[in-house]
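Numbering (the numbering used here), first residue to last: 2 to 420. The beta-carbon is built from N, C-alpha and C at its ideal position, and this holds for glycine as well. Okay, so here's the structure we're looking at.
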RNA sequence: GGAGGGCUCGCAUAGUGGCCUAGUGCGGCGGUCUUGAAAACCGCUGUUGGGUGAUCCCCAACCGUGGGUUCGAAUCCCACGCCCUCCGCCA
């Protein structure tokens, strides 16, 4: 949810944000009129309720012979109150619907345009030159690290088994990520992969991208696409002591994505899959500190990329390509020699107070309780990172170079070769 | 899955239809006293929405959630959720 006060005070800014996203500007006016309608409905119901209280006391105190007359008036009033309350709840629902329909306000400086209109903020490292690059699927099969055939046999397309060194690589990456996060002051968390509807909605995943989410109809639960969902829900309906901020969590969980609408995209290998594990950073900070925290998350992501000795670039994602909750998003794309392209490995979003409003997460500030800002950033999406490591660090002899930081977690191995 | 017990303001508790405009204790905050502290005493104490964006003031709502009965519900009725205890099943 965006700040209603801001919509009232500066509707043009909200309209401009909608326009940047390629969304409908008129929704801003719909929101404003829903807000007005709700206010007058509330005022009317409030005053009727006050009247009802007064008359209730009269009923209790009335002498026996006055009682029928007073009761008659009270009954008539009760009907009015009921009607007014009905209108109020209708207006509440209408406001909520209008409010939920508007995406977060785009941060100043975000490039305009769509998916192709990102701005490259930094390019780091030199893409390795590989004479006849194999892709990670081929390398993974040779190393007996990735088995997509049996993944398909057992679970269908976009599923995989990690075996042998592949499985060990996952544990090594998770440990490396968690060690870095803990050293930076993050609280390590193992988060649930199933969440309630209100948590899923609060994080903004049931809006434009709801087709992307798995739902268990029998239990009315959703499978998370990222532990961001559970980590955002963690403090829902809480007031966080200002002294505890910033609060930083590093969550590990499985992630599930339906990949609806991505038919034919990355069908080979484990770059785009229905299930993978991920270590995710999540920060709760005072609203004023959000933009700076966003830079910190990006720096931690870059630190991890550097440890993996990958060549990558950092991009500022254009407004039209932002998720519902994000005010700004930076992606890190690493080089895949077999594709001769940079592909997304991590993504960090500043959700400002958007998620916190929906999930009712506040802190005591100078003007009473105020929503906090929430931010998330990938530290390591395991499957895709393994794909990149194999591709990026492949050697002419078919082995794979192991970055120095990973060696202690892989029994000191400097290369991976076929067993 | 089955059987019981519970859910009230940060915590603990009182409250079985209208003097509940939710009391009391603890904790917390402020003050008096004190060289300082403790004790004692005094005062304050949650959340949401609205009243011309206002830390004061006024109004309304909130007693797990959602419905219902009633002129009126923390209190009565129904459904659901969660927690606890036991039984069954189980990694």
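Can you tell me whether residue i is buried or exposed, with buried defined as 16 or more other CB within 10 angstroms of its CB?
i, result
"residue 330", "buried"
"residue 41", "exposed"
"residue 62", "exposed"
"residue 74", "exposed"
"residue 172", "exposed"
"residue 302", "buried"
"residue 64", "exposed"
Enumerate in chain order the residues of its own chain whose CB-to-CB distance from residue i is below 7 Å, with the five nearest sequence positions on each side excluded.
i, result
"residue 131", "338, 395"
"residue 24", "104"
"residue 310", "404"
"residue 294", "247, 284, 286, 376"
"residue 270", "136, 137, 138, 149, 388"
"residue 298", "282, 284, 349, 376, 378"
"residue 417", "144, 166, 400, 401, 403"
Can you give me the C-alpha to C-alpha distance between residue i and residue j, rounded to a whole angstrom?
i, j, result
"residue 45", "residue 85", "7 Å"
"residue 248", "residue 274", "31 Å"
"residue 124", "residue 315", "6 Å"
"residue 35", "residue 50", "22 Å"
"residue 233", "residue 254", "14 Å"
"residue 317", "residue 296", "12 Å"
"residue 153", "residue 235", "34 Å"
"residue 1", "residue 69", "No answer is possible for residue 1: it lies beyond the span of the chain, which begins at 2 and ends at 420."
"residue 265", "residue 158", "11 Å"
"residue 170", "residue 358", "39 Å"
"residue 268", "residue 363", "42 Å"
"residue 58", "residue 52", "10 Å"
"residue 387", "residue 376", "25 Å"
"residue 167", "residue 160", "14 Å"
"residue 397", "residue 411", "22 Å"
"residue 97", "residue 91", "10 Å"
"residue 197", "residue 204", "11 Å"
"residue 77", "residue 48", "15 Å"
"residue 143", "residue 180", "30 Å"
"residue 245", "residue 263", "41 Å"
"residue 188", "residue 381", "16 Å"
For the beta strand (DSSP E) containing residue i, list its first residue and its last residue.
i, result
"residue 348", "342 to 351"
"residue 54", "Not the beta strand (DSSP E): residue 54 falls in the alpha helix (DSSP H), residues 27 to 62."
"residue 240", "239 to 241"
"residue 330", "329 to 337"
Among the residues of its own chain, which have a CB less than 6 Å from the CB of residue i, if the five just before and after it don't count?
i, result
"residue 323", "330"
"residue 28", "102, 103"
"residue 148", "162, 164"
"residue 199", "none"
"residue 128", "312, 336"
"residue 228", "192, 252, 254, 281"
Tell me which residue opens and which closes the alpha helix (DSSP H) that residue i is part of.
i, result
"residue 154", "149 to 156"
"residue 304", "291 to 308"
"residue 16", "12 to 22"
"residue 355", "355 to 360"
"residue 83", "68 to 101"
"residue 198", "198 to 203"
"residue 390", "383 to 393"
"residue 175", "166 to 184"
"residue 140", "137 to 143"
"residue 232", "229 to 234"
Across which residues does DSSP place residue i in a beta bridge pair?
i, result
"residue 284", "249, 376"
"residue 278", "255"
"residue 370", "365"
"residue 195", "224"
"residue 119", "None; residue 119 has no bridge partner."
If I measure Cβ to Cβ from residue i and keep anything under 8 Å in the same chain, skipping five residues before and after, which residues do I get?
i, result
"residue 119", "112, 316, 317, 318, 319, 322, 332"
"residue 108", "292, 328, 329, 351, 353"
"residue 201", "207, 214, 223, 225, 230"
Return yes when at least one heavy atom of the ligand FMN lies under 7 Å from the C-beta of residue i, else no.
i, result
"residue 58", "For the ligand FMN, the structure offers nothing, since it holds no ligand at all."
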